[in-house]
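Numbering (the numbering used here), first residue to last: 90 to 219.
Using N, Cα and C, we set each Cβ at its ideal position, and we do this for glycine too.
Since the model is a prediction, treat every value here as computed from it, not as a measurement.
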(Lines of atoms letter the chains of each structure in order from A and count residues from 1; the text may use other names and numbers.)
(Lines give C-alpha, C1' and ligand atoms only; values in the text may rest on other atoms or scores of the structure.)
Protein backbone atom coordinates (compact mmCIF):
# COMPACT_ATOMS: atom_id res chain seq x y z
CA UNK A 1 0.00 0.00 0.00
CA UNK A 2 1.27 3.45 -0.90
CA UNK A 3 2.20 5.59 2.13
CA UNK A 4 0.42 8.79 3.14
CA UNK A 5 0.94 11.59 0.64
CA UNK A 6 3.23 14.08 2.35
CA UNK A 7 3.19 16.52 -0.55
CA UNK A 8 -0.17 17.88 0.67
CA UNK A 9 1.22 18.54 4.14
CA UNK A 10 4.41 19.93 2.61
CA UNK A 11 2.37 22.35 0.48
CA UNK A 12 0.58 23.50 3.64
CA UNK A 13 3.89 23.94 5.50
CA UNK A 14 5.25 25.93 2.57
CA UNK A 15 2.22 28.21 2.69
CA UNK A 16 2.68 28.70 6.45
CA UNK A 17 6.35 29.52 5.91
CA UNK A 18 5.45 32.06 3.20
CA UNK A 19 2.87 33.67 5.50
CA UNK A 20 5.44 33.87 8.29
CA UNK A 21 7.91 35.49 5.87
CA UNK A 22 5.29 38.04 4.79
CA UNK A 23 4.48 38.85 8.43
CA UNK A 24 8.18 39.30 9.15
CA UNK A 25 8.60 41.62 6.16
CA UNK A 26 5.66 43.71 7.36
CA UNK A 27 7.07 43.86 10.91
CA UNK A 28 10.48 44.94 9.60
CA UNK A 29 8.87 47.62 7.46
CA UNK A 30 6.85 48.94 10.41
CA UNK A 31 9.94 48.95 12.62
CA UNK A 32 11.91 50.86 9.98
CA UNK A 33 9.10 53.40 9.62
CA UNK A 34 9.07 54.06 13.37
CA UNK A 35 12.88 54.21 13.42
CA UNK A 36 12.80 56.83 10.65
CA UNK A 37 10.12 58.88 12.45
CA UNK A 38 12.19 58.76 15.63
CA UNK A 39 15.27 59.93 13.74
CA UNK A 40 13.32 62.88 12.29
CA UNK A 41 11.96 63.78 15.72
CA UNK A 42 15.45 63.70 17.23
CA UNK A 43 16.77 65.92 14.44
CA UNK A 44 13.90 68.35 15.02
CA UNK A 45 14.57 68.35 18.76
CA UNK A 46 18.29 69.01 18.24
CA UNK A 47 17.51 71.84 15.84
CA UNK A 48 15.04 73.30 18.32
CA UNK A 49 17.61 73.17 21.12
CA UNK A 50 20.19 74.87 18.89
CA UNK A 51 17.65 77.56 18.02
CA UNK A 52 16.97 78.20 21.71
CA UNK A 53 20.68 78.48 22.45
CA UNK A 54 21.20 80.89 19.58
CA UNK A 55 18.20 82.99 20.61
CA UNK A 56 19.35 83.10 24.24
CA UNK A 57 22.71 84.41 23.13
CA UNK A 58 21.01 87.07 21.03
CA UNK A 59 18.54 87.91 23.77
CA UNK A 60 15.02 86.52 23.87
CA UNK A 61 11.88 87.60 25.67
CA UNK A 62 10.77 85.38 28.52
CA UNK A 63 7.37 84.63 26.96
CA UNK A 64 9.04 83.42 23.79
CA UNK A 65 11.50 81.32 25.78
CA UNK A 66 8.62 79.74 27.70
CA UNK A 67 6.88 78.87 24.41
CA UNK A 68 10.09 77.30 23.11
CA UNK A 69 10.52 75.30 26.31
CA UNK A 70 6.92 74.08 26.09
CA UNK A 71 7.57 73.05 22.51
CA UNK A 72 10.74 71.22 23.57
CA UNK A 73 8.73 69.37 26.23
CA UNK A 74 6.13 68.29 23.70
CA UNK A 75 8.78 67.12 21.21
CA UNK A 76 10.54 65.18 23.99
CA UNK A 77 7.24 63.51 24.89
CA UNK A 78 6.73 62.54 21.25
CA UNK A 79 10.28 61.18 21.15
CA UNK A 80 9.66 59.08 24.27
CA UNK A 81 6.46 57.66 22.76
CA UNK A 82 8.29 56.83 19.55
CA UNK A 83 11.08 55.13 21.50
CA UNK A 84 8.52 52.98 23.31
CA UNK A 85 6.81 52.16 20.01
CA UNK A 86 10.16 51.28 18.45
CA UNK A 87 10.89 48.91 21.31
CA UNK A 88 7.50 47.27 20.80
CA UNK A 89 8.06 46.97 17.04
CA UNK A 90 11.54 45.51 17.62
CA UNK A 91 10.10 42.87 19.93
CA UNK A 92 7.40 42.06 17.37
CA UNK A 93 10.04 41.73 14.65
CA UNK A 94 12.07 39.40 16.85
CA UNK A 95 9.03 37.21 17.57
CA UNK A 96 8.11 37.06 13.89
CA UNK A 97 11.69 36.17 12.96
CA UNK A 98 11.67 33.33 15.49
CA UNK A 99 8.30 32.17 14.15
CA UNK A 100 9.68 32.10 10.60
CA UNK A 101 12.72 30.13 11.75
CA UNK A 102 10.42 27.59 13.41
CA UNK A 103 8.25 27.27 10.30
CA UNK A 104 11.31 26.88 8.09
CA UNK A 105 12.70 24.12 10.30
CA UNK A 106 9.34 22.32 10.31
CA UNK A 107 9.18 22.50 6.52
CA UNK A 108 12.77 21.31 6.13
CA UNK A 109 12.13 18.34 8.44
CA UNK A 110 9.02 17.43 6.47
CA UNK A 111 10.92 17.73 3.19
CA UNK A 112 13.56 15.28 4.38
CA UNK A 113 10.85 12.92 5.66
CA UNK A 114 9.08 13.12 2.30
CA UNK A 115 12.33 12.46 0.47
CA UNK A 116 13.08 9.45 2.65
CA UNK A 117 9.51 8.17 2.23
CA UNK A 118 9.75 8.57 -1.55
CA UNK A 119 13.02 6.62 -1.60
CA UNK A 120 11.53 3.84 0.50
CA UNK A 121 8.46 3.70 -1.75
CA UNK A 122 10.65 3.53 -4.85
CA UNK A 123 12.68 0.73 -3.25
CA UNK A 124 9.46 -1.12 -2.39
CA UNK A 125 8.17 -0.76 -5.95
CA UNK A 126 11.47 -2.02 -7.37
CA UNK A 127 11.25 -5.10 -5.13
CA UNK A 128 7.67 -5.73 -6.25
CA UNK A 129 8.67 -5.57 -9.90
CA UNK A 130 11.56 -7.98 -9.42
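Cutting at 7 Å between CB atoms, please list the residues of its own chain near residue i, excluding the five before and the five after it.
| i | result |
| --- | --- |
| residue 95 | 199, 202, 203, 206 |
| residue 98 | 199 |
Residue j and residue i - do their beta-carbons sit closer together than 7 Å?
| i | j | result |
| --- | --- | --- |
| residue 175 | residue 124 | yes |
| residue 106 | residue 192 | yes |
| residue 195 | residue 102 | yes |
Terminal residues of the continuous alpha helix (DSSP H) containing residue i?
| i | result |
| --- | --- |
| residue 180 | 151-218 |
| residue 139 | 95-147 |
Tell me which residues share the same chain as residue i and place their Cβ nearer than 8 Å to its Cβ, disregarding the 5 neighbours each side in the sequence.
| i | result |
| --- | --- |
| residue 63 | A query on residue 63 cannot be resolved here, the shown segment of the chain reaching from 90 to 219 and no further. |
Mind the definition here: the segment 183-200 touches the segment 145-160 only if three or more C-beta pairs lie below 8 Å; say whether that holds.
Taking 8 Å as the limit for Cβ pairs, the verdict is that the segment 145-160 does not touch the segment 183-200.
Pairs of beta-carbons, one from the segment 109-128 and one from the segment 178-196, closer than 8 Å: are there three or more?
Yes: at least three Cβ pairs fall under 8 Å.
Spell out a yes or no on whether the segment 125-137 and the segment 167-178 are touching, meaning 3 or more CB-CB pairs, one atom from each, closer than 8 Å.
When C-beta atoms of the segment 125-137 are compared with those of the segment 167-178, three or more pairs fall below 8 Å, so the two segments count as touching.
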